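Quick note on the working numbering: the sequence shown kicks off at 1 and runs consecutively.
Each residue gets a CB set at the ideal place from its N, CA and C atoms; glycine is no exception.
Computed from a predicted model, the values in this text were never measured in an experiment.
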Amino acid sequence: MQTFDVAVIGAGPAGYIAAIRAAQLGLSVACIDRWKTPKGDYALGGTCLNVGCIPSKALLESSENYERVRHQFRAHGILADGVRLDLKAMLERKDRIVARMTAGIAGLFRKNRVTWLKGHARFLVGGPPWRLQAGDEQIEAMNVVVATGSVARRLPGVEIDNRVICDNEGALAFDSVPQRLGVIGAGVIGLELGSVWRRLGAQVKVLEALPEFLGAADETVAAEAWKIFTGKQGLDIELGVSIAGVERTEQGLSIQYVTQDRSSKVFECDRLIVAIGRVPNTDGLGVENVGLKLDARGFIEVDAQCRTALPGVYAIGDVVRGPMLAHKGEEEGVMVAELIAGQHGHVNYEAIPWVIYTSPEIAWVGKTEQQLRNEGVAYRAGRFPFAYNGRALGREEPDGFVKILADAKTDRILGVHCLGSLASELIAEAVLAVEFGACAEDLARVCHAHPSMAEAMREAALAVDGRSLNG
Ligand code: FAD
Ligand code: NAI
């Protein structure tokens, strides 16, 4: 039987990063994953690389290019007639990127001497050493890192076939552009993938249970994004609905729902994406064999350093509390590897950025204005619109703004919110500022290249003190 210092279950961004970091620190590491591609080959990278972050962003980019060439190039004086969509080529490009990235992890495992074990893993006997079933073999490990991720939450009574009624997997691989696309859930996936198919030509209707739009985002960002998505972009979003039923018809699907004012409505569509959140995955993991505790929502219980109550057993990524984000899992992966190696591992959960890759993008770090108000924190806000930024105008991307919230007394940055093109890139500066405990004044004193979108960050920092130079 092979014996390892560390066995990592799951090779998504949380697990594969934990495995690589532990190997870098001189530990013997096995990483076990059961993921199979549609062709039946085992693949590393988990949800993120195979059916999440990477393929969705590839399609976002392609669909944005399609929209730009059809609708936005005209403003630059570029007239493109006869533009056509080759969806098959677009999907193949996405698949090539996924294959390249997942093969890249296999290369990293070889380079770092991580043993990749293929197949399902489960706890057999308590330890340490912990005995695990790993595919066809049994192994032992002194430490186990559980990184088994999450799966799409199901809507009761609605069967996902990933052809007509889809979760994220099917929604990334439609073989034709639906004429009418229904989306249940106006969360991150609903907005990102709903926008992709809208840009490619589908008429999209999004049905959301909550009465408010993007409740986790800053209220001013959510309000402005609502105007842009439902106004100029024509995304049809209905809030506060409750789904009464989904029926297959000869033409496609019929969605019955009850509106906020309690009237019953029916919406007919060709295809449906169900994106109502994700749930932690501990399916078949054998938690009962070793007494690994789950909380009421099915997450593995861990402390602030991702330790479970079992000695040498850690859990990280989507399967534990906190935002279900790839980079949050990666941070936890590094932390637990360093803890196992006897180092000091730490994750600053206050400095984890959020990005929603719509167009314009939404990105933030730290507290929202409504959170600060509810917590009774005195703050000052500075805001700068991209409409006053020369680079944004040159790029024909004038929508949105940067908003910085700083402590009224100390000026320390408490939250940064950005709606705009390239917000996903701009937010990195804000994350660095939060991580280093910077003040708005610190950001305002940093020289930013001109002309650049990033100048809006500096101007928003100046605006905290009421002395924006260009606004
Ligand atoms: P996962 O990536 O889910 O990986 C878990 C792995 O464990 C899988 O490979 C699975 O096969 C394996 N596994 C599970 N159980 C077992 C077992 N018993 N034995 C062996 N193997 C097992 N996040 C972002 O930060 N940015 C984005 O842009 C983004 N976009 C997304 C888009 C979509 C459409 C979706 C669905 C998600 C997106 N996410 C994004 C979220 C991100 O994908 C997850 O937060 C991330 O993948 C979680 O990483 P993880 O390692 O915890 O789990
Ligand atoms: P989500 O939690 O972002 O949104 C789900 C939405 O569905 C919510 O607005 C919720 O109110 C709504 N909903 C729930 N039940 C419903 C019902 N019965 N009827 C109608 N609406 C209902 O979850 P989503 O979009 O599925 O994504 C899952 C997670 O994946 C995200 O929370 C995020 O952590 C991660 N993700 C991250 C991305 C990024 O970082 N850019 C991109 C995509 C996913």
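- The C-alpha of Val188 is placed about 15 angstroms away from the C-alpha of Leu239.
- One thing to note: Val246 has its Cβ no nearer than 9 angstroms to the Cβ of Val347.
- Going by DSSP, Asp295 is part of no alpha helix (DSSP H) at all; its letter is neither H nor E.
- With a 10 Å radius around the Cβ and a threshold of 16 neighbouring Cβ atoms, Arg198 comes out buried.
- If the five residues before and after Leu372 are omitted, its C-beta is found closer than 8 angstroms to the C-beta atoms of Tyr379, Leu405, Leu414 and Gly415, all from its own chain and listed in chain order.
- Each of Leu292, Val431 and Ala30 was checked against the Cα of Pro353, and the nearest Cα belongs to Val431.
- DSSP places His417 in no alpha helix (DSSP H) but in the uninterrupted beta strand (DSSP E) bounded by Ile413 to Gly420.
- Those residues placing their Cβ nearer than 6 angstroms to any heavy atom of the ligand NAI are, following chain order, Leu155, Ile184, Gly185, Ala186, Gly187, Val188, Ile189, Gly190, Glu192, Leu207, Glu208, Ala209, Leu210, Ile243, Ala275, Ile276, Gly277, Arg278, Pro323, Met324, Leu325, Val355, Ile356 and Tyr357.
- Placement of the Cβ of Gly46 at a distance of less than 8 angstroms from at least one heavy atom of the ligand FAD is found.
- Counting only the Cα atoms, Ser242 lies some 10 angstroms from Pro211.
- For Val183 and Met1, the gap between their C-alpha atoms comes out near 48 angstroms.
- For the ligand FAD, a non-hydrogen atom lies closer than 8 angstroms to the CB of Pro13.
- DSSP places Trp35 outside both helix and strand once states are collapsed to three, so it counts as coil.
- Checking the DSSP bridge columns, you'll see Arg131 partnered with Val125 and Glu140.
- Looking at the DSSP output, Ala406 sits in a beta bridge with Arg380 and Ile413.
- A direct Cα-Cα distance of roughly 11 angstroms separates Val151 from Gly46.
- The closest heavy atom of the ligand FAD lies less than 8 angstroms from the beta carbon of Thr148.
- Residue state for Cys166 is assigned as strand, using DSSP reduced to three classes.
- The residue from Lys403, Gly345, Asp86 and Pro360 with its alpha-carbon nearest to that of Ser421 is Pro360.
- A distance criterion of 8 angstroms places the beta-carbon of Asp95 beyond contact range of the ligand FAD, judged by its closest non-hydrogen atom.
- In the three-state reduction of the DSSP assignment, Glu238 falls in the strand class, which pools E and B.
- Boundaries of the alpha helix (DSSP H) around Val464: Glu455 to Val464.
- Taken atom to atom, the span from the alpha-carbon of Val302 to that of Cys48 is near 22 angstroms.
- Counted as a single uninterrupted DSSP element, the stretch harbouring Glu268 is not any alpha helix (DSSP H) but the beta strand (DSSP E) occupying residues Ser264 to Cys269.
- For the pair Ala147 and Val8, the CB atoms are nearer than the 9 angstroms cut-off.
- For the region 197-253, the full-length beta strand (DSSP E) segments reaching 3 residues or more read 203-207, 236-238 and 242-248 along the chain.
- It is roughly 20 angstroms from the alpha-carbon of Met324 to the alpha-carbon of Cys166.
- Relative to the ligand FAD, Arg131 has its C-beta separated by 8 angstroms or more from all heavy atoms.
- Within the DSSP bridge table, the entry for Ile9 names Ile32 and Val146 as partners.
- Boundaries of the alpha helix (DSSP H) harbouring Leu443: Ala440 to Ala444, taken from the DSSP string.
- Membership of Arg100 in the alpha helix (DSSP H) is indicated by the continuous run Leu87 to Asn112.
- In summary, Phe109 is buried, with 16 or more beta-carbon neighbours lying within 10 Å of its beta-carbon over all protein chains present.
- Val334: member of the alpha helix (DSSP H) spanning Ala326 to Ile340, first to last residue.
- Spanning the alpha carbons of Arg70 and Cys269 requires a straight line of approximately 25 angstroms.
- Its Cα nearest to that of Asp283, the residue Phe299 stands out among Phe299, Ile276, Val334 and Ala186.
- DSSP places Pro280 in the uninterrupted beta strand (DSSP E) bounded by Arg278 to Pro280.
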